[in-house]
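Trainee:
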Amino acid sequence: MQLYQNQHINIYNSLTGKKETFKPINSGYIGMYVCGPTVYSNVHLGNVRTFMSFDMVFRYLKHLGYKVRYVRNITDAGHLENDADVGEDKITKKARLEEIEPMEIVQRYTVDFHNVLDKFNFLPPSIEPTATGHIIEQIELISKIIDNGFAYEVNGSVYFDVHKYNETNDYGILSKRKLEDLIHNTRALDGQSDKRNPQDFALWKKAEPTHIMRWPSPWSDGFPGWHLECTAMSTKYLGEQFDIHGGGMDLKFPHHECEIAQNQAAKGQAPVNYWMHANMLELNGARMSKSTGNIINPAELLSGKNDIMSKGYSPSVIRFFMMQSAYRSVLDLTDAGLLASEKGFNRLMNAVDDLESLKTSNNSSFDIKKWKQNCYNAMNDDFNTPILIANLFEVVTHINAIKETRATITADDLKLLKETISTFVFDILGLKKTSEDNASGTDKLTGAVELLIALRKEARVNKDFALSDKIRDELAAVGIQLNDGRDGTTFSTN
RNA sequence: GACAAGGUGGCUGAAUGGUUAAAGUAACAGUCUGCAAAACUGUUUUUUAUGAGUUCGAAUCUCAUCCUUGUCUCCA
């Protein structure tokens, strides 16, 4: 008996614009594909939010007992910088600027990507395929689309015929655009394009002589178009129809729209049952942008070495901050917001620690079973992590009350409470205890600070408050905060 | 200019027709403390961008206006 047989998830499907009861194609199994990063620069914090949302989804589906195959690709063949025929792919361009091999660019930023995700405690996907590793599949796909009459070759390049496709299919089914509107809004570039229509998109591009990344194909030495890789890799590993396709909101059009079209054109069926789109991350109320300087990368946010935030924040605090908003909402990253989350996160973690020393009674003054189901209800409602966290804080208040003997809990309920908290806080939200998050040289530090705490205690007993305050204040000045509690003094660093 | 998603207390952010609009933070008070901080407890703040409409009833539906973000276009 798996949990998913009792817990029914509703997912907001971008395709229909409604929340729908989730039903996998094969009972007990889920295929999920998420568009991964283009590795031509350090991973963008907005990308981290998107992938974190799907990491949470992956974690929850697994927790429910589903066998999940989670595929997240690495785009290492580069998107075209623009869609004109003279387009240059992002990776090649970056390689030229840095005067190194394109695959060095790919290697460098793939490593960076994995490092950052590791810091934020991401689970690795089941498969992480690369675009360059699936050129053959992409060529096969193009041939099929040509055979089916939905693509044409011009001068060694192959384009998808959007107008032809739209006669029998709905180009715009996902993005809710109408082809007529697109035509109306497109001003053709005179004589610059081999395309029959400006709305057509490239499936295969003939490489210019200077283009380094190139592969042989029936049409020319060249490289695949930027929408094709996801179609090739998702269906290769998940089947021609699969359950969930995720990605950032910015990919909805044209990228995901084109994926649907390619699948329909090649195989005559829609590939995906549930489309999920994570919303954007803003910084201080505005879009992040290199050109305006309104940008912060993950490493800077963690270290505090930036001009935007007052300090660095731990990975779990940032994760907690992101989980406090729904994945479908725009989230505004601010220093005040992070500070608030940090305090809340610490409060939650204190309560989790207190669970170990709680005294049990013959009855419980709080309905743990009902509370537990409320946590599931929150997650089942389109992965509503903010509501889940609100529920967690409700139980934090009760934990504190039990600690101060204003409330009671039975041994059985305490066991259930511990298991449930651990499940939701660590397994599903993916948070880590503060001590596990910054485990660098803490032993020596702890020894030294505990010595100072002992000296201060002695001074306080002797009512030498000048000395005790000096110890406290000077530790505070270097970022070590002493916390006097009923049972002695502890410390925390920031 | 077109399309899409949004605009909720000081800040972050839930709730999409139905009693007192979650939760965190902040502020204030109390407990603790030599004092402070931390911690814990309690209290306070919004009437849901603006205006009009539908409804017995709207943050939630409709229309208009303003603003934000994304994509396309333009520009470059």
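Residues 95 to 588, numbered by the numbering used here, are exactly what the first sequence covers, in order.
Just so you know, even glycine gets a beta-carbon here, dropped at the ideal spot from N, CA and C.
Please list the segments of the alpha helix (DSSP H) lying wholly inside the region 506 to 572, counting only runs of 4 or more residues, in order along the chain.
Mentor: Listed in chain order, the complete alpha helix (DSSP H) runs (minimum 4 residues) inside the region 506 to 572 are 528 to 531, 536 to 555 and 559 to 571.
Trainee: According to the Cβ coordinates, are L322 and F254 closer than 7 Å?
Mentor: No, Cβ-Cβ distance for L322 and F254 is not below 7 Å.
Trainee: Since M307 and T186 should fall inside the 8 Å C-beta cutoff, what is the C-beta to C-beta distance between them, to a whole number of angstroms?
Mentor: Between T186 and M307 the Cβ distance is about 6 Å, and since that is below 8 Å, they are a contact.
Trainee: Given T584, which residues of its chain have a CB within under 6 Å of its CB, disregarding the five upstream and five downstream residues?
Mentor: Around T584: N577.
Trainee: Measure the Cβ-Cβ separation of L268 and H371 and say whether it is below 7 Å.
Mentor: The answer is no: Cβ separation not under 7 Å.
Trainee: Leaving out five residues before and five after P196 in sequence, what residues of the same chain have Cβ atoms less than 6 Å from its Cβ?
Mentor: Closer than 6 Å at the Cβ level, and outside the excluded window around P196, lie I185, T186, A189, I306 and M307.
Trainee: Hey, is the region 316 to 336 in contact with the region 256 to 263, meaning 3+ C-beta pairs nearer than 8 Å?
Mentor: As far as the Cβ criterion goes, the region 316 to 336 does not touch the region 256 to 263, which means the pair count is below three.
Trainee: For M126, which of helix, strand or coil comes out of DSSP?
Mentor: It is a strand residue.
Trainee: Compare the beta carbon distance of V128 and D170 with 7 Å and say whether it is the shorter of the two.
Mentor: Taking 7 Å as the Cβ cut-off, V128 and D170 do not qualify as a contacting pair.
Trainee: Looking at M417: is its Cβ nearer than 7 Å to the Cβ of L523?
Mentor: The answer is yes: Cβ separation under 7 Å.
Trainee: Curious, which full-length beta strand (DSSP E) runs of at least 3 residues does the region 394 to 441 contain?
Mentor: Qualifying beta strand (DSSP E) stretches, in chain order: 425 to 427.
Trainee: Which runs of the beta strand (DSSP E) at least 3 residues long sit entirely within the region 152 to 225? Give them in chain order.
Mentor: Fully enclosed beta strand (DSSP E) runs of 3 or longer: 161 to 166.
Trainee: Going straight from the alpha carbon of L511 to that of L561, what length do you get?
Mentor: Taking the straight line joining both Cα atoms gives about 44 Å.
Trainee: Looking at C-alpha atoms only, which residue of E247, N444, A225 and N120 is the closest neighbour of I493?
Mentor: Considering only alpha carbons, the answer is N444.
Trainee: Distance, Cα to Cα, A548 vs N391?
Mentor: Roughly 41 Å between the two C-alpha positions.
Trainee: Looking at C-beta atoms only, is the number of pairs between the region 495 to 503 and the region 446 to 463 that lie closer than 8 Å three or more?
Mentor: Contact holds: three or more Cβ-Cβ distances are below 8 Å.
Trainee: Decide if P365 is buried, meaning its Cβ has at least 16 other Cβ atoms within 10 Å, or exposed.
Mentor: Looking at its Cβ environment, which holds 16 or more other Cβ atoms inside 10 Å, P365 is buried.
Trainee: To which residues of the same chain is L276 closer than 7 Å at the C-beta, ignoring the five residues directly before and after it?
Mentor: Cβ neighbours of L276 beyond the five flanking positions: Q293.
Trainee: Quick one: what's got a C-beta closer than 6 Å to I124's C-beta in the same chain, skipping five residues either side?
Mentor: So the qualifying residues of the chain are P118, L155, Y160, V162 and D337.
Trainee: Find the nearest neighbour of N263 within the set N357, E488 and P318, judged by alpha-carbon distance.
Mentor: Out of N357, E488 and P318, N357 has the C-alpha closest to the C-alpha of N263.
Trainee: What do you get for S397, buried or exposed, if any count of 16 or more other CB atoms within 10 angstroms of its CB means buried?
Mentor: Exposed is the call here.
Trainee: Where does V252 sit, in a helix, a strand or coil, going by DSSP?
Mentor: Strand, per DSSP.
Trainee: Nearest by alpha-carbon distance to L442: which of D429, F415 and K538 is it?
Mentor: Nearest C-alpha to L442: F415.
Trainee: Under 8 Å by Cβ, that's how I've got A380 and N388 pegged, so tell me the actual separation to the nearest angstrom.
Mentor: The Cβ separation is near 5 Å, so the contact holds.
Trainee: So D429 and S404 are supposed to be a Cβ contact under 8 Å. How far apart are they, rounded?
Mentor: Contact holds; Cβ gap of about 5 Å.
Trainee: Less than 7 Å between the C-beta atoms of K497 and D448, yes or no?
Mentor: The answer is yes: Cβ separation under 7 Å.
Trainee: So, for D507: in the same chain, excluding its five sequence neighbours on each side, which residues have a beta-carbon less than 6 Å away from its beta-carbon?
Mentor: Contacts found: S458 and I462.
Trainee: With contact counted as at least three CB pairs below 8 Å, one residue from each stretch, are the region 102 to 110 and the region 133 to 142 in contact?
Mentor: In short, these stretches do not touch, since the Cβ pair count stays below three.
Trainee: So for S237, helix, strand or coil by DSSP?
Mentor: In the structure shown, S237 sits in a helix (DSSP, three-state: H, G or I).
Trainee: Starting from I390 and walking both ways along the alpha helix (DSSP H), at which residues does that stretch end?
Mentor: Element bounds for I390: n/a, residue is neither H nor E.
Trainee: Excluding five sequence neighbours on each side, which residues of the same chain lie with their C-beta closer than 6 Å to the C-beta of E193?
Mentor: Answer for E193: no residue qualifies.
Trainee: Can you grab the Cα-Cα spacing for the pair M343 / L433, in whole Å?
Mentor: Each residue's Cα considered, the two are about 27 Å apart.
Trainee: Taking only three categories from DSSP, how would you classify G82?
Mentor: The question about residue 82 has no answer, for the chain in this structure spans 95 to 588.
Trainee: Quick one, are the C-beta atoms of A326 and Q467 less than 7 Å apart?
Mentor: Result no, Cβ atoms of A326 and Q467 do not sit closer than 7 Å.
Trainee: Can you look up N577 in the DSSP assignment and give me helix, strand or coil?
Mentor: Note: N577 maps to strand in three-state DSSP.
Trainee: Helix, strand or coil: how does DSSP classify L377 here?
Mentor: Strand.
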